[in-house]
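This note's numbering numbers the first residue of the sequence shown as 2 and each following residue consecutively.
Note that CB positions come from ideal geometry on N, CA and C, so glycine has one too.
Predicted model only: the values in this text are computed from it and were never measured.
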Amino acid sequence: ENPKTKSSKNSESEKAKNNEEESVLPKDVLIELYKTVKGQDELVKTIVTTIWVNLYSIGNKRNMLIMGPTGVGKTLVFETLSKILGLPILVTSTSGMSQAGYKGGDLTDIISQYLLKYEKDPNIDKGIIILDEFDKLAYKGEESGSVSTMGIQNELLKMIEGNTYNVELGQRIYMFDTKNITFVCCGAFQELYEGEKTSEKSKIGFGTISCEETRKKNQTMSDKLVSYGLKREIVGRLPIVLQFNALTRENLKDIILNSK
Numbered sequence: 002e003n004p005k006t007k008s009s010k011n012s013e014s015e016k017a018k019n020n021e022e023e024s025v026l027p028k029d030v031l032i033e034l035y036k037t038v039k040g041q042d043e044l045v046k047t048i049v050t051t052i053w054v055n056l057y058s059i060g061n062k063r064n065m066l067i068m069g070p071t072g073v074g075k076t077l078v079f080e081t082l083s084k085i086l087g088l089p090i091l092v093t094s095t096s097g098m099s100q101a102g103y104k105g106g107d108l109t110d111i112i113s114q115y116l117l118k119y120e121k122d123p124n125i126d127k128g129i130i131i132l133d134e135f136d137k138l139a140y141k142g143e144e145s146g147s148v149s150t151m152g153i154q155n156e157l158l159k160m161i162e163g164n165t166y167n168v169e170l171g172q173r174i175y176m177f178d179t180k181n182i183t184f185v186c187c188g189a190f191q192e193l194y195e196g197e198k199t200s201e202k203s204k205i206g207f208g209t210i211s212c213e214e215t216r217k218k219n220q221t222m223s224d225k226l227v228s229y230g231l232k233r234e235i236v237g238r239l240p241i242v243l244q245f246n247a248l249t250r251e252n253l254k255d256i257i258l259n260s261k
């Protein structure tokens, strides 16, 4: 065997070994997140698992809907996670957005913001876009205060499930597909959130939850979200629904004394 070929093979082997050693595992991500985010342990596990599946399982992207009061760490979890994994992340508010043809920010502005920030990032097609104040898009008839609210949901549905956009950046047109982007819709959903928590507290006794019970609970939550004012189609594109815990006195103490 040619010494140069042998040397090249050894070099490739060492490189592969180093890459394997440097790769971050889900458990490593959890350990780092637990240093920063307090009081949401089980939810953090679900988030890490979901992002991992989205990154390494082709064609199986799962978007998320996150409910909970202000200040409990809804966006912090994803911002910290993106730093650990080196993923692009954009946190943007849907408040003030409008349907194309109406006065206000267009939904394609979200893609423009993302591209301007991460145009040269090698992981640009696998990033995370957090749509904050998502509950403000709920359509409640005349009470919604916006004739285009349902239209915004329709356009957002295309973006979440995966659509190609031609975005003008400076002097050129950038073509971008959102099919591999993880969309996280965040909001307080106050009435829904508080009602669900009250329902959970009213249960008596302990025990394991069967798959059938989990399915029924998910179906019930989907129905509640639709009643709240979200289109059933858009709810169907958000299969992971998580309710963040309100922080307790002990959580706050833990954050002050131990949080990274």
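Q) Where residue 184 and residue 161 are concerned, what is the direct C-alpha to C-alpha distance, given to the nearest angstrom? A) 6 Å
Q. Can you list, in chain order, the residues of its chain whose CB lies under 8 Å from that of residue 64, leaving out five sequence neighbours each side?
A. 161, 183, 184, 185, 186, 238, 239, 240 and 241
(Q) If I measure Cβ to Cβ from residue 85 and keep anything under 6 Å in the same chain, skipping five residues before and after, which residues do I get? (A) 30 and 33
Q: Look at the alpha carbon of residue 82 and the alpha carbon of residue 36, and state the distance between them as a whole number of angstroms.
A: 12 Å
Q. How big is the Cα-Cα spacing for residue 52 and residue 77?
A. 15 Å
Q) In three-state terms, what does DSSP make of residue 243? A) strand
(Q) If you follow the beta strand (DSSP E) that residue 188 is in, where does it begin and where does it stop? (A) 183-188
Q.
With a threshold of 6 Å on Cβ separation, who are the neighbours of residue 141 within its own chain once the five nearest residues in sequence on each side are excluded?
A. 230
Q.
Please report the distance separating the alpha-carbon of residue 225 from that of residue 172.
A. 46 Å
Q: List the endpoints of the continuous beta strand (DSSP E) containing residue 177.
A: Element bounds for residue 177: 173-178.
Q. When burial is assigned at 16 or more other CB atoms within 10 Å of the CB, is residue 259 buried or exposed?
A. exposed
(Q) Can you tell me whether residue 37 is helix, strand or coil according to DSSP? (A) helix
Q.
Cutting at 8 Å between CB atoms, please list the residues of its own chain near residue 104, excluding the five before and the five after it.
A. Residue confidence for residue 104 is low, a pLDDT of 47 falling below 50, so the modelled location carries little weight; the figure read from the coordinates is stated next. Excluding sequence neighbours, residue 104 sits near nothing in its chain.
(Q) Rounded to the nearest angstrom, what separates residue 75 and residue 67 at their Cα positions? (A) 7 Å
Q: Could you please give me the residues that DSSP links to residue 228 through a beta bridge?
A: Its beta-bridge partners do not exist; DSSP assigns none.
Q) What is the DSSP secondary structure of residue 249, reduced to helix, strand or coil? A) coil
Q. Hey, would you say residue 153 sits closer than 8 Å to residue 88, going by beta carbons?
A. no
Q: Would you mind giving the Cβ-Cβ distance between residue 92 and residue 131, rounded to the nearest angstrom? I have them listed as a contact below 8 Å.
A: In this structure residue 92 touches residue 131 by the C-beta definition: roughly 4 Å separates them, less than 8 Å.
Q: Consult DSSP for residue 47 and reduce its assignment to one of helix, strand or coil.
A: helix
(Q) Given this structure, state the Cα-to-Cα distance separating residue 41 from residue 73, to the nearest angstrom. (A) 9 Å
Q: Tell me, to the nearest whole angstrom, how far the beta carbon of residue 56 is from that of residue 127; I am working on the premise that it is less than 8 Å.
A: 6 Å
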